[in-house]
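In our numbering, the protein residues as written are 1336 to 1683.
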Amino acid sequence: MQHFHTVVIGGGPGGLACATKLAETGTDVLLVERKPRLGAKVCAGGITWSGLGSKLPPELVERSFTSQKVYSRWQKIKIGTATPIISTVNRQTLGQSMAGTAAAAGVTILPGTRVLAIGDRHVETTAGSFGYRYLVGADGSNSLVRRFLGIPTQQLGVGINCQVDSIFQEMEWHLNPRLFHSGYAWIFPHRHTASVGAYVSRQSMSASTLLENFHKWCQQRRIDLNGCRPRAAVINYDYRGWRFDNRFLVGDAAGLASGLTGEGIYPAIVSGETVARAIANPAATTDKLDRITARHRRHRRLLDFASRGRLAGSLATEALLLGLRSGLIPCDCLEMGADRPTATANGP
């Protein structure tokens, strides 16, 4: 049996960030990923500029936006700043870039490898058995490591995404409680395509109903989905901690995605880097992750209120847009790590 100081299960942004930071300190790290190619995932690809977008190499950024349109049943507003608010990335391109950085730092990466069993000091995989001193679960919303730790998952969201060939010029959010309850639909333009999709808490709506309503919304917006098969993904926002003795959870495995917006890339990377620092130095600060978990709790409270019924969802939606129009609510109230741009009431 080969032994590693740290075994990371999952090769998404959180797992790669954690493994890279550890390897840079000279730590012997193994990263196990079940997919043969790292990076691919059902994802809209939206990242906040202040959270992650400004830190990425320019070639990884598909599009950047200094304004966003937000629609509700009764209101239309445009949020704008002098600097970008949100950018879009291709998840597979981002994953491949991060994997290259991890390999260069000395991480041993095993793609196309499934975990068969997890023990107290070793993991069994299709590539053999590996011992560990520390174990990091970065294996997404259906995390094997989370299950091994006996941590239940009850709070889940579901997202549906289509990557369409149509070119849209502006980023749009559509808050429609009739179709999406406390969730929303989106249009996120990329370089040559656009991510069009919808997200909702599974407590509010089933995946099949969301898909039906997503098609209704696309028809209303005259968005052509011909040739595009919608793909769905489950999003875990049931956060119950990240440090469990010598075992850790990051990103969606920890439930750090926002229950309100579904955003998960930035929390995954921050939690991955925080776990790496905690393994290397148990006394290391956790300020960035603390801010994300505080924001996560606020999002949960907003979601709980908006999920009480269609009326509550409508009231919450219209109040949010009124607050954004007046400047009483900064638009970073919905983003993980965004700055505070101003909102204007210009019609789209």
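Using N, Cα and C, we set each Cβ at its ideal position, and we do this for glycine too. Keep in mind it's a predicted model, so treat the numbers as computed, not measured.
- Residue environment for L1451: exposed (fewer than 16 other C-beta atoms within 10 angstroms of its C-beta).
- By DSSP's assignment, R1578 forms a beta bridge with F1583.
- M1433 carries a helical assignment under DSSP once its states are collapsed to helix, strand and coil.
- For K1411, the enclosing beta strand (DSSP E) stretches over residues K1411 to G1415.
- Contact check between the segment 1467–1475 and the segment 1603–1614: three or more CB pairs, one atom from each, fall below 8 Å, which counts as touching.
- A contact between stretches requires three or more CB pairs, one per stretch, nearer than 8 Å, and the segment 1557–1564 meets this requirement with the segment 1499–1511.
- Counting other Cβ atoms within 10 Å of its Cβ, R1612 reaches 16 or more and is therefore classed as buried.
- In the same chain as E1368, and ignoring 5 residues on each side of it, the C-beta atoms closer than 6 Å to its own belong to G1346 and P1446, in chain order.
- The Cβ-Cβ distance between L1491 and V1405 does not fall below 8 Å.
- Beyond the five residues adjoining it in sequence on each side, D1573 comes within less than 8 Å, by CB distance, of P1487, T1488, Q1489, Q1490, L1491 and G1590 in the same chain, given in chain order.
- Straight across, the Cα-Cα distance linking A1417 with T1401 is about 6 Å.
- DSSP, reduced to helix, strand and coil, places Y1601 within a helical segment of the structure shown.
- With a beta-carbon spacing of about 5 Å, A1603 and P1348 fall inside the 8 Å limit used to define contacts.
- Taken atom to atom, the span from the alpha-carbon of L1391 to that of Q1538 is near 35 Å.
- For the 8 Å CB-CB criterion, G1380 and S1593 do not form a contact.
- For K1404, the uninterrupted beta strand (DSSP E) run begins and ends at S1402 to Y1406, by DSSP.
- The Cβ atoms of V1364 and T1443 sit closer than 8 Å to each other.
- Between L1357 and I1614, the C-beta gap is smaller than 8 Å, which places the two residues in contact.
- Within the segment 1340–1379, the alpha helix (DSSP H) runs of at least 4 residues that lie entirely inside it are, in chain order, 1348–1358.
- Exposed is the label assigned to P1393, since fewer than 16 other Cβ atoms lie within 10 Å of its Cβ.
- Judged by beta-carbon spacing, A1567 lies beyond the 8 Å limit of G1466, meaning their Cβ atoms are not closer than that value.
- Taking the CA atoms as reference points, G1374 sits about 19 Å from L1479.
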